[in-house]
Each structure stands twice: as C-alpha cells, then as structure tokens.
Amino acid sequence: MTAIEMKLHDWAEALRQAVAYQLAADWTWVAMPLAAASRAYRERWRFDAERVGLLAVDDQGKVRTPISAGRSPRLLPFVQEKILETWREPEIGDG
18 MTAIEMKLHD
28 WAEALRQAVA
38 YQLAADWTWV
48 AMPLAAASRA
58 YRERWRFDAE
68 RVGLLAVDDQ
78 GKVRTPISAG
88 RSPRLLPFVQ
98 EKILETWREP
108 EIGDG
C-alpha cells in the first residue's frame, strides 16, 4: 500500500503526516508543487532518515521524484489489514 500526503507549502507538516501513515502503508510520499518541493529537498536528510519519498509536481502536472521512498520501518501489518478490510467492505445498498 502507498500513501501520499499532498501539501502546497508546509513540507515539515507533510513529512510528519507521511511518517504517521507508515503505520499502515508500505511506502509513503510527500507531493508538493515544484517550488515547494525544491525547498523541501534542502532538508532531504530528514526525508531519507524517515524513508519518506518526495514528489515534485510542475505546472503542467508532470511529476518528478527527487527523493525515492523506502519501505516503511513502522509498518504494523494488523493496522494495514484493518484499513484494507474497510476498503473492501461494501456499503449498505451496494448490493
């Protein structure tokens, strides 16, 4: 499972949230506009330390990967399975 936290400006908050997602996701990413991602890249050691990737999105929607995500060091399989179960369960009336 992959989780992506999208923010326009606040890379530190996005990184914090992406780390939290690692409890259930195999890989986590922060996605930001290119200019904001450039600022975040200056702190790449923080992303590397947490194994969170960085995606930079330009004005045309092209996505670049300045920092690749590593496998989550915090993954709790029972949390991931519980989330997957809720996604699989049909809602009432879905037949």
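Counted from 1, the sequence shown has number 102 at position 85 by this note's numbering; the numbering is strictly sequential.
No residue lacks a Cβ here, since even glycine has one placed at the ideal position from N, Cα and C.
On a predicted model such as this, the values are computed, not experimentally measured, just so you know.
**OP:** Would you kindly work out how many angstroms separate the C-alpha atoms of residue 21 and residue 106, rounded to a whole number?
**Re:** As a first step, residue 21 must be located in the sequence shown, where it is residue number 4. As a first step, residue 106 must be located in the sequence shown, where it is residue number 89. Distance between the alpha carbons of residue 21 and residue 106: 23 Å.
Subject >> Nearest to residue 79 (by Cα), restricted to the options 86, 48, 44 >> reply: Counting from 1 along the sequence shown, the entry for residue 79 is found at position 62. When only C-alpha atoms are compared, the closest one is 48.
**OP:** Report the residue from 97, 77, 27 whose alpha carbon sits nearest the alpha carbon of residue 60.
**Re:** Translated into the one-based positions of the sequence shown, residue 60 becomes position 43. Ranking 97, 77, 27 by Cα distance to residue 60 puts 27 first.
Original post:
Given a threshold of 16 other Cβ atoms within 10 Å of its Cβ, counted over all protein chains shown, does residue 62 qualify as buried or as exposed?
Top reply: By one-based count along the sequence shown, residue 62 stands at place 45. Exposed, because fewer than 16 other Cβ atoms sit within 10 Å of the Cβ of residue 62.
Subject >> Opening and closing residue of the alpha helix (DSSP H) in which residue 94 lies >> reply: Counted from its first residue, the sequence shown places residue 94 at position 77. Where residue 94 is concerned, the enclosing alpha helix (DSSP H) stretches over 94-105.
**OP:** Going by DSSP, name the residue or residues bridged to residue 81.
**Re:** Translated into positions along the sequence shown, residue 81 becomes position 64. Beta-bridge analysis with DSSP links residue 81 to 73.
Original post:
What is the residue span of the alpha helix (DSSP H) that residue 115 lies within?
Top reply: With the chain represented from 18 up to 112, any question about residue 115 goes unanswered, as that position is not in the structure.
Original post:
Using the rule of at least 16 other Cβ atoms within 10 Å of the residue's Cβ for burial, across every protein chain shown, is residue 46 buried or exposed?
Top reply: For this step, residue 46 is matched to residue 29 along the sequence shown. Residue 46 is buried by the Cβ-count criterion.
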